[in-house]
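Trainee: Protein sequence lines correspond, in order, to chains A and B. Per our numbering, the first sequence starts with residue 1, numbered consecutively. Per our numbering, the second sequence starts with residue 251, numbered consecutively. Every residue gets a Cβ at the ideal spot worked out from N, C-alpha and C, and that includes glycine.
2 protein chains.
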Amino acid sequence: MEMKSVIRSLRVLEAVAQHQPVTVGELTKIFGLPKSTVQRTLVTLAEAGWLRANRKDTTRWEIGARVLAVRPAALQGSSLYAAAREPMVHLRDTLNETIHLSVPDALQCVVVVDRVDCDQAVRTFINIGDTSPLHATATGRAILAHLPRADVEELVARGLERFNDSTPADAAALLAELDRVRADGYAVNLNQYRPDVCAVAAAILDSDGTPLAAVAVSMPASRYQPDRLPKWGRLVADTATEISARRLGA
Amino acid sequence: MEMKSVIRSLRVLEAVAQHQPVTVGELTKIFGLPKSTVQRTLVTLAEAGWLRANRKDTTRWEIGARVLAVRPAALQGSSLYAAAREPMVHLRDTLNETIHLSVPDALQCVVVVDRVDCDQAVRTFINIGDTSPLHATATGRAILAHLPRADVEELVARGLERFNDSTPADAAALLAELDRVRADGYAVNLNQYRPDVCAVAAAILDSDGTPLAAVAVSMPASRYQPDRLPKWGRLVADTATEISARRLGA
DNA sequence: CACAACGTTCCATAATGTGGCACGGGCTAG
DNA sequence: CTAGCCCGTGCCACATTATGGAACGTTGTG
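1) Taking B:A449 as the reference, which of B:V293, B:V272, B:L425, B:L485 has the closest Cα?
2) Taking a Cβ distance cut-off of 9 angstroms, strictly less, list which residues of the stretch 291-317 of chain B are near chain A, in chain order.
3) May I ask you to report which of helix, strand or coil DSSP gives A:P104?
4) When DSSP labels each residue in this structure, what does A:P87 get in the three-state scheme?
5) Contact between the stretch 296-315 of chain B and the stretch 269-276 of chain B is defined here as three or more beta-carbon pairs at a separation below 8 angstroms; is this criterion met?
6) With DSSP as the reference, label A:A53 as helix, strand or coil.
7) Looking at the structure shown, is A:D119 part of a helix, part of a strand, or coil, going by DSSP?
8) Examine chain B for any beta-carbon lying closer than 8 angstroms to the beta-carbon of A:G129, and answer yes or no.
9) Taking Cβ to Cβ, would you say B:T389 is nearer than 8 angstroms to B:V363?
10) Of the residues B:D401, B:E427, B:E264, which one's Cα is nearest the Cα of B:T291?
11) Mapping the DSSP letters down to three states, classify A:P220 as helix, strand or coil.
12) Mapping the DSSP letters down to three states, classify A:V70 as helix, strand or coil.
13) For a contact meaning CB atoms closer than 7 angstroms, what does B:L240 contact in chain A?
14) So, are the CB atoms of A:E161 and A:P133 less than 8 angstroms apart?
15) By the DSSP assignment, the alpha helix (DSSP H) with B:R484 in it spans what residues?
16) So, does the CB of B:L341 fall closer than 8 angstroms to a CB anywhere in chain A?
17) When the Cα atoms are used, what is the spatial distance from B:G459 to B:V353?
18) Around the Cβ of B:S457, are there at least 16 other Cβ atoms within 10 angstroms (buried) or fewer (exposed)?
19) Would you mind telling me which residues of chain B sit closer than 8 angstroms to A:I7, beta carbon to beta carbon, in chain order?
20) Go ahead and pull the three-state DSSP assignment for B:T381.
21) Is the distance from the Cβ of A:D105 to the Cβ of B:G314 below 8 angstroms?
22) Counting Cβ pairs, one atom from each stretch, are 3 or more of them under 8 angstroms apart for the stretch 165-179 of chain A and the stretch 214-234 of chain A?
23) Mind pulling the chain B residues with CB within less than 8 angstroms of A:R85?
24) Who pairs with A:T98 in a beta bridge, going by DSSP?
25) Would you mind telling me which residues of chain A sit closer than 8 angstroms to B:L283, beta carbon to beta carbon, in chain order?
26) Please tell me whether B:A421 and B:V406 are closer than 8 angstroms, where the distance is taken between their beta carbons.
27) Looking only at C-alpha atoms, which of A:T131, A:Q120, A:N127, A:L178 sits nearest to A:V152?
28) Contact defined as beta carbons within less than 8 angstroms: I believe B:G504 pairs with B:D434. What is the distance between those atoms, to the nearest angstrom?
29) By the DSSP assignment, the alpha helix (DSSP H) with A:E14 in it spans what residues?
30) If you draw a straight line from the alpha carbon of B:G282 to that of A:A221, how long is it in whole angstroms?
31) Just tell me which of A:S5, A:L75, A:V38, A:V197 has its CA closest to the CA of A:T98.
32) In this structure, how does DSSP classify B:T273 when only helix, strand and coil are distinguished?
33) Note down the Cα distance separating B:A495 from B:Y443, rounded to an integer number of angstroms.
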């Protein structure tokens, strides 16, 4: 409602990130704004260090380095990030599936902040920065299971979007699943968000028990084997515990 | 010169990143702006998803997750980032010193984008997002050595800031050093930028030979041993080569 | 209990961003 | 070779938009 120029500038920044390196003309088509407005916005963002002209084609714009100094608190000082790296690589080596690290964003969603790829020919593909709903994914529920009951109810009150038949439909189903997550120490998602994607996740906790993030192993549904779940769940949970411990020890 | 509100909003965003979680009052002290202006800016940034209220203390603001979807092209798809991780950990394990990954920012500076810590009691401390000049650091010169002569001259023309007596003073000194870097395959920095910090770095190249980034091992000057330089240089250069290869293979 | 400090809201003011237009350079088709 | 086109860039009168002082409500403290 306020500061339209700021909001618009940030949208432009996001568009540049998506299409970089991009020209003024391309952006005017995306936004339907006058050329001069887009141009001015780009110059301003560049002046602030958030954008820069491409070195090879100076009429194309790309994201500048300033962006890297601005990171969510969970990643600040790289404590979570650095602590997670080696355990994630180890888990990938053990399971040979893609491993993700995600952080919650204010009860809205979880965001993928890091990824370790496997070398399978068929594998899940999720980008750093991608978001997904808390209630419909293994990562989200691993985190939800460690949040106060009130927060879960707030989330339920906002409505649980369904992505297909297996997405938890109501508060009861979700709460029962969260109980199971707490009992087992890991969360599971079988095609409940993206079709054909299964995942097993566990929460990374702060010293006071607050869930800071979650690690997950995700795979195509075709490679999911129910009988291996207890073992995989334990491995993921152990990885999360190891990361929590390293973060606090550092 | 233009769009003051946008520039100011970005400064506020950066300040929040530095001090998060932070209150309106603290920010007004930092900027000397009226409370209402800061407040409005914060709400606007939050509306755009770049900021959010802290969950535990809703009067404190912190960086939102949206930021993570906006990354420089060099890191896009995380190919560099993911490719670099394991070789960096391996190098750290071999040398037990802090390892950095940095990317150049448009002939202006290099930015640290990743870090693997060692467990030494005394160690170098550089944050992700920190920037340093191209001509005065090992990382910068490792990259400069692989840029066209014209680019180096452009940089020289802009002037070479000196940080202490050992910083390269003129074009001749810098060009001679770059020749040495190309011959040896690694760059060295002995207290030329930050006092008491030594580093050995090597460039990570794209398929066409463009330098995309550089890996560096950095250590307190007290642990630098000249006789080990050839061996360390070779290890760092091998790590850079390995990262280049992994990135292209992926 | 009263004061102080803080986050939040409101609104008249003018400063600020807007976008139509025009310029110049590079590219392509005739 | 040149005419026509498209693109990035710079300008400027207009009015939309952000500004910041002042007032309000709440919290915690002496």
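Mentor: Well, looking at it:
1) B:L485
2) T291, V293, T294, L295, E297, A298, G299, W300, R302, A303, N304, R305, K306, E312, I313, G314, A315, R316, V317
3) strand
4) helix
5) yes
6) strand
7) coil
8) yes
9) no
10) B:E264
11) strand
12) coil
13) Residue 240 of chain B is absent from the model: chain B starts at 251 and stops at 500.
14) yes
15) 479-499
16) no
17) 15 angstroms
18) exposed
19) T294, E297, A298
20) strand
21) yes
22) no
23) R335, V339, V366
24) A:S218
25) Here the premise fails: no neighbours, minimum Cβ distance about 14 angstroms.
26) yes
27) A:L178
28) In the structure as shown, chain B starts at 251 and stops at 500, and residue 504 of chain B therefore has no counterpart that could be examined.
29) 4-19
30) 56 angstroms
31) A:V197
32) strand
33) 30 angstroms
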